[in-house]
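Numbering that gives the first Met the number 0 numbers the first residue of the sequence shown as 0 and each following residue consecutively.
C-beta atoms are modelled at their ideal positions from N, C-alpha and C, and glycine is treated no differently.
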Amino acid sequence: MQTSTLKQPADAGADKEAQLHASLGQLLLRQERYAQAVNELTAALEARPDNAAWLASRAEAQERIGAVTKAIEDATAAVIADPKRAEYAVLLGRLMLRSGHHDEAVMCYSEAIRLDDSRREHYEGLAHAFWVKGNLAAAREIYDRLRLAFPESEGLQAVTAELYIQEKDPAKAAAVCQESIDRGMKSALIYRVHGHAMMLMGDRAKAADSFRKGLAVDPKDGYLLHMLATVTGEPSERAPEDYVRAIFDTHADTYETAALFKLGVRIPGLVRREILRIRPKLDPSRPAAHKLSAILDLGCGSGLTGSMVHDLTAYLKGVDLSRNLIRYAQLKSIYHEIEIADMVASMNADPRLYECVTAGDSVCYFGNLKPVFEGAFKRLLPSGLFVFSLEAGPESWRADVAAGVSKDGWRLQDSGRYCHALPYVEATAKAAGFEIVQVWPEVINSEDGIDLHGYLINLRRPLS
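Okay, here's the thing in structure tokens:
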């Protein structure tokens with residue numbers, strides 16, 4: 000008697016193999032091995048290209064490696080494949096927000112709420128999308144409702160107060176924080192925002208009291224330490240790393256829009272202008288234009304300065320403390336290398352030499368410029384340029400410096416940034432070994448019709 004073997008259909012075998020690839024891909028995603036996750040999920044999707052869960056997983060992995068355009072394509076496909084799943088709309092909304100498509104992000108989060116109105120995070124996503132879009136009133140209204148619904152949430156209280164500050168209503172921000180404190184929510188975060196609000200209201204004593212109370216909770220909080228020094232006038236040589244990181248991580252999603260359209264930041268364009276003034280043969284519009292061998296962009300942030308100089312160099316490295324801001328720099332695909340680090344520490348450890356070091360709106364977080372100048376000098380080739388901006392400070396202080404009344408080399412301002420006296424800058428630059436090429440008085444930016452005065456400075460490492 001002849002026996003026959005039952006054979007599994009070919010498509011069933013392929014489906015099982017696809018499931019294995021997908022399971023492995025999702026495991027690699029959880030292990031933060033994102034490139035490998037993309038490979039495995041791609042293999043799975045070759046067999047089942049309309050699997051919404053796999054598309055969403057690959058979108059998350061693509062996002063993690065900076066391939067946001069591909070991530071958006073996958074998230075869109077996931078929404079089309081399963082339009083009733085709110086989490087796919089949320090994923091697409093987050094990606095739209097990262098890519099600057101703010102209206103589309105609002106629509107995605109609104110759809111997520113329509114599909115599932117029970118999830119607090121959907122409302123938070125919509126509020127954040129409104130904030131990034133610039134509709135502060137709409138964002139604050141949602142956060143206000145959420146903080147009343149969830150009074151135990153420290154984050155909701157703090158972000159609502161911060162929005163009131165953004166709307167130039169520090170009294171309401173202080174009231175929100177005080178309500179939280181009265182309920183026993185005495186955290187470093189709440190004291191941060193409360194102190195900031197009191198400072199904006201002109202009550203420096205109460206601001207200092209809030210910052211001190213926050214430090215009693217967390218004595219190492221760099222933001223609180225720096226702001227306490229700001230309101231009390233205590234000696235301070237630089238902003239702590241924690242302060243700079245907190246400022247830019249918190250405002251990363253709104254930073255570039257605010258810089259370009261609210262503040263009218265001019266520094267990136269001024270840096271390019273100065274480099275081309277000294278090295279006109281770098282101008283890409285000239286026949287047979289040259290390129291610098293390498294540029295180091297200190298405090299690169301979202302890549303605003305890098306965007307203005309990347310076509311002038313064969314190699315561009317960015318350094319910044321803010322991981323959230325750097326994500327936006329990665330989207331631009333202009334940097335050959337990006338390092339998340341303190342810029343002085345990075346310069347002291349970096350073995351590469353550069354023809355130019357740039358620092359747009361980042362040296363102002365240092366009072367004592369000696370470590371910055373010495374680090375930049377180490378990184379430059381002979382005849383290399385260090386082009387950076389500084390704030391000039393109040394006119395009254397500049398007059399005191401010019402008259403010899405003030406001997407201070409720098410001053411910590413209410414903004415948390417430092418302004419510098421030109422005699423100090425020039426003396427410190429020369430002590431580090433630099434030649435002073437040019438100091439240009441400039442309007443750095445303008446907010447609400449008020450110009451911020453500063454300098455664009457160009458130093459050169461001598462040939463010998």
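Alpha-carbon spacing of residue i relative to residue j, whole angstroms
i: SER56; j: ASN444; result: 42 angstroms
i: ARG29; j: ALA77; result: 19 angstroms
i: HIS193; j: CYS176; result: 6 angstroms
i: LYS15; j: ARG47; result: 11 angstroms
i: ASP384; j: VAL438; result: Note that residue 384 is Leu in the sequence shown here, rather than Asp. Those two C-alpha atoms are separated by around 13 angstroms.
i: GLY392; j: GLY302; result: 26 angstroms
i: ARG191; j: LYS167; result: 17 angstroms
i: GLY154; j: SER179; result: 11 angstroms
i: SER321; j: THR75; result: 29 angstroms
i: GLY432; j: ASN347; result: 16 angstroms
i: LEU458; j: ALA340; result: 23 angstroms
i: ALA251; j: ARG97; result: 10 angstroms
i: ASP181; j: ALA174; result: 10 angstroms
i: VAL89; j: ILE71; result: 12 angstroms
i: GLU255; j: ALA288; result: 30 angstroms
i: ILE274; j: LYS331; result: 21 angstroms
i: PRO283; j: LEU311; result: 7 angstroms
i: LYS429; j: ILE435; result: 8 angstroms
i: TYR122; j: GLU425; result: 52 angstroms
i: ASP208; j: VAL442; result: 35 angstroms
i: ARG272; j: GLY317; result: 19 angstroms
i: LYS377; j: LEU352; result: 8 angstroms
i: LEU54; j: THR41; result: 9 angstroms
i: ALA170; j: GLU161; result: 11 angstroms
i: TRP130; j: TYR108; result: 13 angstroms
i: ARG144; j: ARG119; result: 11 angstroms
i: ASP319; j: ASP116; result: 38 angstroms
i: ALA148; j: TYR142; result: 10 angstroms
i: ALA43; j: LEU26; result: 13 angstroms
i: GLY448; j: ARG139; result: 25 angstroms
i: ILE456; j: THR159; result: 39 angstroms
Residue i - DSSP class collapsed to helix/strand/coil
i: ARG416; result: coil
i: PHE365; result: strand
i: SER463; result: coil
i: CYS355; result: strand
i: ASP450; result: strand
i: SER56; result: helix
i: VAL386; result: strand
i: GLU31; result: coil
i: PRO381; result: strand
i: ILE64; result: coil
i: ASN457; result: strand
Cβ-Cβ distance between residue i and residue j below 9 angstroms
i: MET197; j: ALA187; result: no
i: HIS127; j: ILE164; result: no
i: VAL356; j: VAL386; result: yes
i: ASP413; j: ILE266; result: no
i: ARG146; j: GLY124; result: no
i: TYR314; j: ALA293; result: yes
i: SER132; j: ALA104; result: Before going on, a small fix: residue 132 reads as Lys here, not Ser. A contact, by the Cβ cut-off of 9 angstroms.
i: THR229; j: LEU451; result: no
i: PRO345; j: GLU338; result: Contrary to the premise, residue 345 reads as Ser rather than Pro in this sequence. Yes; because the gap between Cβ atoms is below 9 angstroms, this pair is in contact.
i: GLU39; j: ALA66; result: no
i: GLY366; j: ARG237; result: yes
i: SER382; j: PRO279; result: no
i: LEU269; j: LEU281; result: no
i: TYR423; j: LEU379; result: no
i: GLY305; j: ILE277; result: no
Run of the alpha helix (DSSP H) containing residue i, from where it starts to where it stops
i: PRO393; result: Element bounds for PRO393: n/a, residue is neither H nor E.
i: ASP349; result: ASP349 -> no alpha helix (DSSP H), and no H or E assigned at all.
i: ASP102; result: 101 to 114
i: LEU96; result: 85 to 97
i: ASP143; result: 135 to 148
i: ALA238; result: It is not in any alpha helix (DSSP H) - ALA238 carries neither H nor E in the DSSP assignment.
i: ARG322; result: 322 to 331
i: VAL308; result: 303 to 308
i: ALA126; result: 119 to 132
i: GLY221; result: 221 to 231
Unbroken beta strand (DSSP E) run spanning residue i, endpoints
i: GLU255; result: GLU255 -> not in any beta strand (DSSP E); alpha helix (DSSP H) instead, spanning 251 to 256.
i: LYS316; result: 315 to 319
i: ASN444; result: 434 to 446
i: ARG410; result: 409 to 411
i: ILE337; result: 336 to 339
i: ASP296; result: 294 to 297
**Prompt:** What residue ranges within the region 159 to 210 form continuous alpha helix (DSSP H) runs of no fewer than 4 residues, ordered along the chain?
**Reply:** Correct list: 169 to 181, 187 to 199.
**Request:** Please list the segments of the alpha helix (DSSP H) lying wholly inside the region 253 to 288, counting only runs of 4 or more residues, in order along the chain.
**Result:** Runs found: 266 to 277.
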